[in-house]
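Novice:
In our numbering, the protein residues as written are 1 to 452.
1. For residue 225 and residue 203, what's the separation of their Cα atoms in angstroms?
2. Report all residues from its chain with a CB closer than 8 Å to the CB of residue 388; omit the five preceding and five following residues, and keep chain order.
3. How many Å lie between residue 80 and residue 171 at the Cα?
4. Using 8 Å as the threshold, is the region 136-152 in touch with the region 91-104, meaning 3 or more CB pairs across them?
5. Okay, do the region 346-355 and the region 376-385 touch, 3+ Cβ pairs below 8 Å being the bar?
6. Please state whether DSSP places residue 448 in a helix, a strand or coil.
7. Looking at the structure shown, is residue 195 part of a helix, part of a strand, or coil, going by DSSP?
8. Could you check where the beta strand (DSSP E) with residue 287 kicks off and where it finishes?
9. Any idea what DSSP makes of residue 268, helix, strand or coil?
10. To the nearest angstrom, how far is the alpha carbon of residue 452 from that of residue 363?
11. How about residue 233 and residue 200: do their beta carbons lie closer than 7 Å?
12. Look at residue 207 and residue 330 and say whether their C-beta atoms are less than 7 Å apart.
13. May I have the straight-line CA-CA distance separating residue 333 from residue 296, to the nearest angstrom?
14. Does the beta-carbon distance from residue 445 to residue 407 come in below 7 Å?
15. Give, in chain order, every unbroken run of the beta strand (DSSP E) that is at least 3 residues long and sits entirely within the region 21-108.
16. Can you name, in chain order, every residue of its own chain whose Cβ lies under 7 Å from the Cβ of residue 413, other than the five neighbours on each side?
17. Entirely within the region 202-234 and at least 4 residues each: give me those alpha helix (DSSP H) ranges in chain order.
18. Run through DSSP, which three-state label would residue 386 get?
19. Can you look up residue 154 in the DSSP assignment and give me helix, strand or coil?
20. By DSSP's criteria, residue 239 is part of a beta bridge. Which residues make up the other side?
21. Quick check: the Cα distance between residue 324 and residue 312, rounded to an integer number of angstroms?
22. Rounded to whole angstroms, what is the Cα-Cα separation between residue 187 and residue 275?
23. Once the 5 residues before and after residue 113 are set aside, which same chain residues still bring their CB inside 8 Å of it?
24. Assign residue 268 to buried or exposed, taking buried as 16 or more other Cβ atoms, counted over all protein chains shown, within 10 Å of its Cβ.
25. Under the DSSP definition of a beta bridge, which residues are partnered with residue 439?
26. Since residue 424 contacts residue 396 with CB under 8 Å, what's their CB separation in whole angstroms?
27. Among 261, 27, 298, which has the Cα closest to the Cα of residue 277?
28. Taking Cβ to Cβ, would you say residue 161 is nearer than 7 Å to residue 128?
29. Assuming residue 154 contacts residue 246 (C-beta within less than 8 Å), just tell me the rounded distance between them.
30. Mark residue 85 as exposed unless 16 or more other C-beta atoms lie within 10 angstroms of its C-beta, in which case mark it buried.
31. Tell me which residues share the same chain as residue 21 and place their Cβ nearer than 7 Å to its Cβ, disregarding the 5 neighbours each side in the sequence.
32. To the nearest angstrom, report how far apart residue 284 and residue 427 are at their CA atoms.
33. Rounded to whole angstroms, what's the CA-CA distance from residue 282 to residue 393? Just pull it up for me.
34. Grouping DSSP H, G and I as helix and E and B as strand, with all else coil, what is residue 248?
35. Buried or exposed: residue 141, going by 16 or more other Cβ atoms within 10 Å of its Cβ?
36. Could you pull out every unbroken alpha helix (DSSP H) segment of at least 4 residues lying fully inside the region 313-366, listed in chain order?
Pasting the structure below:
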């Protein structure tokens, strides 16, 4: 079988005449002025509207990739499925994709390597008229020359499912990952700039919780952000504009951004004692500031700007007085501690806001969470056998129900069955509930508590 997927949007999203298309691409690439020039690019996020609208923004990313010609021999490309329903991710039923600049061979070995994953299927319909992937190809043909392509149209899927697919085809320096997505849609230009700025900040923080109102390709973007965390990559903003900045109506714009992902620089980490003292100081000083009181604040440290997930726990006379936290790192560690300290003191729904009179008697504890590790278990018995008492914190999810226990809870509930039963109740489920759809993940913590 020798199936070629023909260009579906040539003459609409970009010129269908080869000479005109080459001229347009050359002009956009020559005019590109990316805001940064990362040295070792592994992945890109680029927009996918018509070239007169988003082409200059995409060019700010592809102009950097031109320097990798010869090194990059495979492109793994993911974009949202706009015109056909897809459950999971869809591979094409083709061997080559065509554009006015020629044909691109598909990476059939890579495609075969994905077909055992339950979230991956083959769908010619998903790719037949899909523009989000096609519009990237002329750029790639221009800057890379020869390469193979592994295209996936992404539909109804979780970020974890996308990240697992990316993991399977991550490759080395020869592989470039391209995620195709626009940002906000059909807002007035001023409002769109604010919304898109917030979205860009989330991408820079590797916060994999974007919604479809922020980016039409939120699902593949979130999957990349999860994978970027696993591989120690950082996001670099190259361009951020909207259609009013290029060729559109300012009353109803679409947002566009370009990002590159490269290996993050290694920050010197403090020892555990210094880290604990710093985080405790940060939490106490934030609460003290609400009362107008002076408290020692730690000096600025580079590692506080790295993403981190924490819980801040307040106790008074040995009794819980507030506990609020974050399960996944989606903002700088220092910011996370400050925000959670204020939430534990003043916004824990189980307690009245902390008073000035109570504050001197409060002890602060900060727990720093490790990344989540899903627990694969066929039934409740095997799940219980996997839990490690006094080591694991746990997150239980079922549908809209979710609850977590820090490892400190083992002190009150030392038996795994008791621990899990109470965790179900915290998630809003019966203590004896069980269903195949229950998901459990575990994490560990480093914790520090103020002296009495």
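Note that the Cβ used here is the ideal one computed from N, Cα and C, for glycine as well.
Specialist: From the atom records:
1. 7 Å
2. 442
3. 22 Å
4. yes
5. no
6. strand
7. helix
8. Not the beta strand (DSSP E): residue 287 falls in the alpha helix (DSSP H), residues 272-290.
9. coil
10. 7 Å
11. no
12. yes
13. 18 Å
14. yes
15. 41-46, 74-80, 89-91, 96-99, 102-105
16. 419, 422
17. 218-230
18. helix
19. strand
20. 258
21. 6 Å
22. 43 Å
23. 168, 169
24. exposed
25. 397
26. 6 Å
27. 298
28. no
29. Between residue 246 and residue 154 the Cβ distance is about 26 Å, and since that is not below 8 Å, they are no contact.
30. exposed
31. 14, 15, 100, 101, 138
32. 29 Å
33. 24 Å
34. coil
35. buried
36. 333-346
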